[in-house]
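*Asks:* Residue numbers (my numbering): 498 to 913. Structure provided below as structure tokens; questions to follow.
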Ligand SMILES: Cc1cc2nc3c(=O)[nH]c(=O)nc-3n(C[C@H](O)[C@H](O)[C@H](O)COP(=O)(O)OP(=O)(O)OC[C@H]3O[C@@H](n4cnc5c(N)ncnc54)[C@H](O)[C@@H]3O)c2cc1C
């Protein structure tokens, strides 16, 4: 791998991690993602699907537990190393990177204490065959962007009623309702990190965060859904019909929900932006490769000044996006929860994924009609990029919500 990294402080160990991740992305993730892209959503998760080869290989190499501390059995990467590795994985496949990192329940259980860690965190960390898969369910059929509007008045408006609700009954919560078809990993997940309403007087701010196993009576799932891109990522609905979960499974209650959400979303949005950078780089490299061999007007495309300027613009955008998204990941994964900054996560997510879409669009233009055919990888990368500006909060609504945060917090004071 010869991709230059502008960071002057890259150590030998950092470089080795980056190169190993790139090799895995190139030899395992990319070929499998291409196969899965051509399959139906149901075929893609069937027992004989290459999806499971990917999961087995990824877990056996520890790619599912990169950010977990070494003392818990994780890889113990620094936030900087995490950023290096994640960009490489997303270069291989944005969808599989997302599929691999939906087990938020294992992380959330740490907040819930030793008992929940024994039940959820350690089985995940110690899993080597890809069979422990979790999911994170916040989106509902009637509420996609609303649950991300923390800090805004509508978030506390009791007239907005989440469709998934929990009520306390003795020592158990009883959960009813539904989550949207977009829950990543839902069709294959065994466990869930579920965000649903507990206190209806507070609107979305009255929600809580639960961690529990999906084999409980009353849980059912919809069919995996078909998507335009990131088709290697399975997604689907989850229904709850009088599902009883012990009180201990509530990790965050309404009193702390809004603050906890800001912390969580600051991290996920930073990371998704960085994955966008990996995807943008993949598109750029396809365009550059093509421009070096395709001749028009008596010379290679890469020797035409207009193409040179286009490629340079794509390159500059990627470098700028990396600088922002990597910083956001390093900061938001490295800081104590109360110091994390959602507006930087939102900026990273919107800028990183917009870069992926713009770069892949320009790359298609450079390939001409070839870029529109599945014969070339770019056609898939473009479809993947189209998805990224909507997943994890649509870029437009994140910009609105992020702008609102700026109104309240800018300029932030940095305390060391
Ligand atoms: C690949 C992928 C993976 C995903 N993974 C998960 C997952 O793991 N778990 C999960 O729970 N969800 C997941 N989602 C769901 C995702 O977070 C939502 O799709 C996203 O938040 C947008 O919600 P929506 O699709 O319902 O759009 P809507 O909220 O209906 O928005 C539609 C349009 O209206 C705009 N809009 C919305 N609100 C406002 C407003 N207040 N003001 C102005 N404009 C507004 C939006 O910007 C958008 O353009 C995933 C989605 C995708 C595509």
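Note that the Cβ used here is the ideal one computed from N, Cα and C, for glycine as well.
1. According to DSSP, simplified to helix, strand and coil, what is residue 706?
2. Taking the alpha-carbon positions, what's the residue 502 to residue 743 distance?
3. Below 9 Å between beta carbons: does that hold for residue 903 and residue 835?
4. Would you say residue 827 and residue 778 are within 9 Å of each other, going by their C-beta atoms?
5. In terms of alpha-carbon separation, which member of 793, 552, 721 lies closest to residue 624?
6. Would you tell me roughly how many angstroms separate the C-alpha atoms of residue 597 and residue 796, rounded to the nearest one?
7. Regarding residue 768 and ligand 1, is the C-beta to nearest heavy atom distance less than 8 Å?
8. Judging by CA-CA distance, which residue of 697, 645, 844, 595 is the nearest neighbour of residue 817?
9. Can you list, in chain order, the residues of its chain with a C-beta nearer than 7 Å to that of residue 830? Leave out the 5 residues immediately preceding and following it.
10. Closest by CA to residue 849, which one among 910, 832, 821, 876?
11. Measuring CB atoms only, is the region 605 to 614 touching the region 530 to 547, in the sense that at least three cross pairs come out at less than 8 Å?
12. Locate the alpha helix (DSSP H) running through residue 839, then write down its first and last residues.
13. Taking all protein chains shown into account, decide if residue 438 is buried (16 or more other Cβ within 10 angstroms of its Cβ) or exposed.
14. CB of residue 679 to nearest heavy atom of ligand 1: below 8 Å?
15. Quick one: grab the DSSP three-state call for residue 623.
16. What does the alpha-carbon distance come out to for the pair residue 799 and residue 807?
17. Heavy atom of ligand 1 less than 8 Å from the Cβ of residue 623, yes or no?
18. With DSSP collapsed to three states, give me the class of residue 737.
19. Of all the options 634, 689, 771, which has the alpha carbon lying nearest to the alpha carbon of residue 584?
20. Does DSSP put residue 679 in a helix, a strand or coil?
21. Reducing DSSP to helix, strand and coil, say where residue 637 ends up.
22. Mapping DSSP to helix, strand and coil, what is residue 886?
23. Would the region 666 to 675 and the region 739 to 759 be scored as touching if the rule is three or more Cβ pairs under 8 Å?
24. Mind reading off the beta-carbon distance from residue 643 to residue 651? Whole number of angstroms is fine, and I expect it under 8 Å.
25. Below 8 Å, can you find three or more Cβ-Cβ pairs linking the region 718 to 735 to the region 588 to 603?
26. Does the Cβ-Cβ distance between residue 607 and residue 599 come in under 9 Å?
27. Under the criterion of a Cβ to heavy atom distance below 8 Å, does residue 633 qualify as lining ligand 1?
28. Tell me which residues share the same chain as residue 626 and place their Cβ nearer than 7 Å to its Cβ, disregarding the 5 neighbours each side in the sequence.
29. Under 9 Å between the Cβ atoms of residue 695 and residue 711?
30. In the structure shown, what three-state DSSP assignment does residue 666 receive?
*Replies:* On the basis of the data shown:
1. strand
2. 48 Å
3. no
4. no
5. 552
6. 43 Å
7. no
8. 844
9. 564, 576, 579, 764
10. 821
11. no
12. 839 to 864
13. In this structure the chain extends from 498 to 913, so residue 438 is not present and cannot be described.
14. yes
15. helix
16. 10 Å
17. no
18. strand
19. 771
20. coil
21. strand
22. coil
23. yes
24. 7 Å
25. yes
26. no
27. yes
28. 553, 556
29. no
30. strand
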